[in-house]
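Position one of the sequence shown corresponds to residue 0 (numbering that gives the first Met the number 0), numbered consecutively onward. Positions of the beta carbon are idealized from the N, C-alpha and C atoms, including for glycine. Small disclaimer: the values here were computed from a predicted structure and weren't measured. For reference, the structure is listed below as structure tokens.
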Amino acid sequence: MLNSIYDNVIKGDLESVKEGVTQALAAGHGSSDILNTAMIPAMQEVGRRFENEECYIPEMLISARAMHGGLEVLRPHLAKADVEPVGKVVLGTVKGDLHDIGKNLVGMLLEGAGFDVVDLGVNVSPEKFIEAIRQHKPDFVGLSALLTTTIPAMQATIDAFKDVGVRDQTIVMVGGAPVNQAFADKIGADIYAPNAASAAKKARAMLKRI
Ligand code: B1M
Numbered sequence: 000m001l002n003s004i005y006d007n008v009i010k011g012d013l014e015s016v017k018e019g020v021t022q023a024l025a026a027g028h029g030s031s032d033i034l035n036t037a038m039i040p041a042m043q044e045v046g047r048r049f050e051n052e053e054c055y056i057p058e059m060l061i062s063a064r065a066m067h068g069g070l071e072v073l074r075p076h077l078a079k080a081d082v083e084p085v086g087k088v089v090l091g092t093v094k095g096d097l098h099d100i101g102k103n104l105v106g107m108l109l110e111g112a113g114f115d116v117v118d119l120g121v122n123v124s125p126e127k128f129i130e131a132i133r134q135h136k137p138d139f140v141g142l143s144a145l146l147t148t149t150i151p152a153m154q155a156t157i158d159a160f161k162d163v164g165v166r167d168q169t170i171v172m173v174g175g176a177p178v179n180q181a182f183a184d185k186i187g188a189d190i191y192a193p194n195a196a197s198a199a200k201k202a203r204a205m206l207k208r209i
């Protein structure tokens, strides 16, 4: 069952992915099992094929669409309803970057951990993050980036927060495949999380400390 979800994400067969995830849940597979053993490895394989020129952007896009469909089926299982919000997060993929699957997953697990999530989407400018900080007064701002060419936008965003005096009003969390702890330290982020589960765990732990 999980193998066919894996194959269908790679093929980009949206309906089969949604059906497969629904059936896997009904058969008792846990949502994180479905994610970590089928869906995420499938996207990694798509990335490997793209790198080796075995597939191209249209194929990546239809796989991403299928992944989104599967994530929507998983959403209620990842995000528990009826939990009092423990804090608020403004989340977005930084300027110049259109990747949102990982960011969406982080959002879902933060919701599951009890956070109220304001998702600004992709290609989010520093100005838009600043506007959202002023409007929503979040406990955290989460910046996601998937490209080595867009991680400098994380630094630019944090610098812009300092320039307008909002840096001290919020905790900044960063993540995404090319990001690591050393980079997070270098740009002055408060938290680096390597994956969505750790983002939710670290966000909760940080709130308990303050
Ligand atoms: Co793009 N892409 N892509 N792509 N794409 C990568 C990232 C790439 C590694 C593929 C490759 O070459 N192997 C490569 C980047 C190379 C590099 O920078 N070194 C790449 C490239 C080059 C590009 C383009 C430049 C291609 C081109 O146009 N020539 C272009 C850029 C467009 C742009 O953004 N301006 C591009 C476009 C696209 C699509 C639009 C076609 C599509 C995105 C669709 C979408 O997201 N809606 C796409 C896809 C699908 C990928 C791959 C195949 C899959 C990404 C993904 O969703 N992974 C990717 C290859 C790969 O990752 N192996 C690739 C699954 C997801 C669950 O993982 O996003 O890593 P991830 O998220 C994880 C963690 O990183 C972390 O938690 C998540 C879940 O555990 N995390 C956070 C993420 N954000 C976080 C935030 C946090 C904390 C943790 O706190 C706030």
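Can residue i and residue j be called in contact, C-beta distance under 8 angstroms?
i: Leu-1; j: Ile-33; result: yes
i: Leu-146; j: Asp-96; result: yes
i: Gly-69; j: Lys-17; result: yes
i: Ile-100; j: Val-45; result: no
i: Val-165; j: Val-123; result: no
i: Leu-142; j: Val-117; result: no
Let me check you understand the geometry: is the CB of residue i closer than 7 angstroms to at least one non-hydrogen atom of the ligand B1M?
i: Glu-18; result: no
i: Gln-180; result: no
i: Asn-7; result: no
i: Glu-50; result: yes
i: Ile-39; result: yes
Give the secondary structure of residue i by DSSP, where H, G and I count as helix, E and B as strand, and everything else as coil.
i: Lys-136; result: coil
i: Thr-36; result: helix
i: Val-82; result: Residue confidence for Val-82 is low, a pLDDT of 49 falling below 50, so the modelled location carries little weight; the figure read from the coordinates is stated next. Three-state result, Val-82: coil.
i: Val-178; result: coil
i: Asp-96; result: coil
i: Ile-170; result: strand
i: Gly-164; result: coil
i: Gly-141; result: strand
From what residue to what residue does the alpha helix (DSSP H) around residue i run?
i: Gly-111; result: 100–111
i: Val-123; result: Premise fails: Val-123 is in no alpha helix (DSSP H) and is neither H nor E.
Could you spell out where the beta strand (DSSP E) holding residue i opens and where it closes?
i: Asp-6; result: Note, Asp-6: premise wrong, no beta strand (DSSP E); alpha helix (DSSP H) at 1–10.
For the stretch 55–73 against the stretch 110–118, are there 3 or more C-beta pairs whose distance is under 8 angstroms?
no
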